[in-house]
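Mapped onto our numbering, the consecutive letters of the sequence shown carry residue numbers 581 to 956.
Read through the structure below, which is laid out as C-alpha cells, and then see the notes.
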Amino acid sequence: MAGAAAGAALLAAGALFFSGGRPFSSEPPLRISSGTFSASLDAVLKAEGFDDGTRHKVSTALSKKLNLRRLRPEDSYAVVYSTWGPFKYLFVTRDLQNYFLFPGEGGAYSLSVLPVQVSTASSKASGAIKSSLWESMSAAGVPPALILDYADVFSWSVDFLTEVRDGDKWALAWEYGADPAGRVVSQKVTAALYDGGETGRKTAAAHSGGYYDEKGESLRSMFLRAPLHYRRISSYFTNRRFHPVLKYFRPHQGIDYAAPSGTPVSAVADGTVSFAGWKGGNGKLVILRHGGGYETTYGHLSRYARGIRAGKRVSQGDLIAYVGSTGLSSGPHLDFRLKQGGKPLNFLKIKYRSSGGVSGKAREAVIAAIRALPAE
Numbered sequence: 581m582a583g584a585a586a587g588a589a590l591l592a593a594g595a596l597f598f599s600g601g602r603p604f605s606s607e608p609p610l611r612i613s614s615g616t617f618s619a620s621l622d623a624v625l626k627a628e629g630f631d632d633g634t635r636h637k638v639s640t641a642l643s644k645k646l647n648l649r650r651l652r653p654e655d656s657y658a659v660v661y662s663t664w665g666p667f668k669y670l671f672v673t674r675d676l677q678n679y680f681l682f683p684g685e686g687g688a689y690s691l692s693v694l695p696v697q698v699s700t701a702s703s704k705a706s707g708a709i710k711s712s713l714w715e716s717m718s719a720a721g722v723p724p725a726l727i728l729d730y731a732d733v734f735s736w737s738v739d740f741l742t743e744v745r746d747g748d749k750w751a752l753a754w755e756y757g758a759d760p761a762g763r764v765v766s767q768k769v770t771a772a773l774y775d776g777g778e779t780g781r782k783t784a785a786a787h788s789g790g791y792y793d794e795k796g797e798s799l800r801s802m803f804l805r806a807p808l809h810y811r812r813i814s815s816y817f818t819n820r821r822f823h824p825v826l827k828y829f830r831p832h833q834g835i836d837y838a839a840p841s842g843t844p845v846s847a848v849a850d851g852t853v854s855f856a857g858w859k860g861g862n863g864k865l866v867i868l869r870h871g872g873g874y875e876t877t878y879g880h881l882s883r884y885a886r887g888i889r890a891g892k893r894v895s896q897g898d899l900i901a902y903v904g905s906t907g908l909s910s911g912p913h914l915d916f917r918l919k920q921g922g923k924p925l926n927f928l929k930i931k932y933r934s935s936g937g938v939s940g941k942a943r944e945a946v947i948a949a950i951r952a953l954p955a956e
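If you want it as C-alpha cells, here you go:
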C-alpha cells in the first residue's frame with residue numbers, strides 16, 4: 581500500500597475505532613469482533629479463524645513494537661472484517677496505546693501506533709466524619725485510590741489513625757482522565773481540606789508537582805513523622821535513663837522504636853550519608869547529614885540497604901537500613917537521634933517544618949483552588 585493510501589486507511593480505521601464501530605459513509609460496511617486477552621494473542625487469532633501462516637505473520641509484525649507475552653486481561657483487541665469476509669484491520673490496546681495492524685502489499689503487514697484518546701473531567705466532594713475517613717469519603721462517592729491519595733497529601737501533618745474525630749470536615753477536588761470505554765485511566769487530587777478538632781484546619785492545592793497550603797508553604801515537611809513502621813516506643817528522649825545492659829542511669833538523647841529485626845528503616849529527610857559502619861555500643865550505625873545543620877543517626881541495625889556508604893545522597897523516605905540488635909542492645913529496636921549544630925534535639929517535640937514554598941501568582945493560584953472547594 582502506498583504511503584498516502586496507508587495514511588488514509590489509518591485515519592479511517594482510527595476514526596471508526598474511536599466512534600464505537602460506526603463506519604464512514606465512504607467505507608463499505610464492516611464487521612468487528614472484539615474482546616480482551618483472557619488468552620494469548622495466538623489463541624485469539626486462532627478462534628477468529630486465522631490460519632497458521634497468517635497468525636505467524638500478524639504476531640511477528642506486532643512484536644516489533646509490542647511485547648506479546650505481557651498482554652493482560654485488561655488489554656483489549658478488535659478485529660475488523662469486510663462484510664464479505666476478508667480481514668481488514670487489527671487493533672490491540674495496551675497502556676493507552678492503540679497498535680493498528682493492516683495488510684500491506686505482497687502479503688506483508690504494516691503497523692502503526694495511535695495514542696488512546698483520553699477525555700478529562702473534574703469532580704468535587706465534601707463531608708463530615710461519622711465513623712472513619714474511609715467510610716465517610718466512600719459514602720460520598722470518592723474512589724478508593726483517591727482516598728489514599730488524599731491521605732498521602734496530608735501525611736506530614738495529619739495522623740489519620742489517631743487524630744480523626746467524629747464531626748471533622750473534609751473536602752476534595754480532583755481531575756481524572758477516561759478512555760473511550762469510560763474506564764478511568766488517571767486521577768489526581770487538585771485541592772483538599774481537612775478541618776479537625778485535633779488537627780486544626782489543613783489545606784492543600786497542587787502546583788508544579790507539589791502541594792501547598794494557603795500560606796504558600798509546602799505540605800511536604802523536612803522530616804517524616806517517623807523513620808519506620810514501629811510497634812511502640814520503648815524509650816523516650818531523656819537526660820536520665822536506666823540503661824538495660826549497662827545497668828546504670830545515663831542520658832538517652834534519642835528515641836528507641838521497638839520493631840522486629842529486618843524492619844525497613846527510612847531516611848527522615850533528604851541528605852548525605854556521612855558514616856555507615858560499626859560504632860561501639862551503637863553497633864551497626866548510619867549517620868545522615870541534612871540541610872540547616874541537622875544530623876540524624878540510626879543505630880543497632882542488622883544490615884545496611886544496598887549502596888549505603890559514606891558520600892551517598894539519599895532522599896526522604898529512601899530505604900537506608902534494617903532494624904537489628906547489634907552493639908549494646910537488649911532486643912531488636914532502632915535507636916534514632918537528631919542533632920542540630922551538634923546539639924541533641926527531642927525528635928518527638930520537633931514542630932512541622934515546611935520543605936519550601938511558593939509566592940506571587942503561584943500562591944494566588946493555590947489560594948483560588950482551595951477556595952473553590954465545596955463546603956460541607
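For glycine and all other residues, C-beta sits at the position ideal for the given N, C-alpha and C.
Just so it is clear, the structure is predicted and the values come from calculations on it, not from any experiment.
- According to the DSSP assignment, G757 belongs to the beta strand (DSSP E) that extends over K749 to A758.
- By a beta-carbon distance limit of 8 Å, V744 does not contact G721. Their separation comes to about 20 Å.
- Under the 10 Å beta carbon count, S618 is surrounded by fewer than 16 other beta carbons and is classified as exposed.
- In the DSSP assignment, R951 falls within the alpha helix (DSSP H) that extends over G940 to R951.
- Per DSSP, the unbroken beta strand (DSSP E) holding G851 starts and ends at G851 to W858.
- The Cβ-Cβ distance between L799 and V903 does not fall below 9 Å.
- By the neighbour-count criterion, in which a residue is buried when 16 or more other Cβ atoms sit within 10 angstroms of its Cβ, N647 is exposed.
- The distance from the Cβ of Y679 to that of K637 is about 15 Å, inconsistent with a contact at the 8 Å cut-off.
- The alpha-carbon of A786 is positioned some 6 Å away from that of A771.
- With fewer than 16 neighbouring CB atoms inside 10 Å of its own CB, W664 falls in the exposed class.
- Contact between P844 and L918 does not hold, since their C-beta atoms are separated by about 19 Å, which reaches or exceeds 8 Å.
- Here DSSP, grouped into helix, strand and coil, assigns F734 to coil.
- Of the other Cβ atoms in all chains shown, fewer than 16 fall within 10 Å of the Cβ of G615; this residue is therefore exposed.
- Exposure of T700 is indicated by the presence of fewer than 16 other C-beta atoms within 10 angstroms of its C-beta.
- Scanning its chain for C-beta atoms nearer than 7 Å, with the 5 sequence neighbours on each side dropped, one finds around A856 the residues V866, Y884, I888, R889 and A890, in chain order.
- Of the candidates M802, S895 and T906, T906 places its Cα closest to the Cα of G842.
- With a contact defined as Cβ atoms closer than 8 Å, Y657 and V698 miss out at about 19 Å.
- In the three-state scheme derived from DSSP, where H, G and I count as helix and E and B as strand, G686 is classed as helix.
- Residue pairing for F617: DSSP places it in no beta bridge.
- Of the residues R674, A942, L651 and P666, the one whose Cα lies closest to the Cα of G790 is A942.
- Exposed is the label assigned to A761, since fewer than 16 other Cβ atoms lie within 10 Å of its Cβ.
- A straight line joining the alpha-carbon of R886 with that of S620 spans about 38 Å.
- Ranked by how close their Cα comes to the Cα of K782, the residues I947, L610, S909 and I612 have I947 in first place.
- The residues R635, in chain order, have a CB closer than 6 Å to that of D622 in the same chain once the five nearest residues on each side in sequence are set aside.
- Rounded to whole angstroms, the separation of the alpha carbons of L676 and V765 is 8 Å.
- In this structure, the beta-carbon distance from E875 to L881 does not fall below 9 Å.
- L648 sits in a helix when the DSSP states are folded into three classes.
- According to DSSP, H913 shares a beta bridge with A838 and G904.
- In the same chain as R611, and ignoring 5 residues on each side of it, the C-beta atoms closer than 6 Å to its own belong to Y661 and T663, in chain order.
- Per DSSP, reduced to three states, the secondary structure at L868 is strand.
- Per the coordinates, the alpha-carbon of A708 lies some 8 Å from the alpha-carbon of D746.
- Cα atoms of W714 and I727: separation of roughly 7 Å, rounded to the nearest angstrom.
- Following the DSSP letters along the chain, one finds D632 inside the alpha helix (DSSP H) bounded by residues D632 to L642.
- Following the DSSP letters along the chain, one finds E875 inside the beta strand (DSSP E) bounded by residues Y874 to Y884.
- D775 is bridged by DSSP to K749 and R781.
- Collapsing the DSSP output to three states places E715 in a helix.
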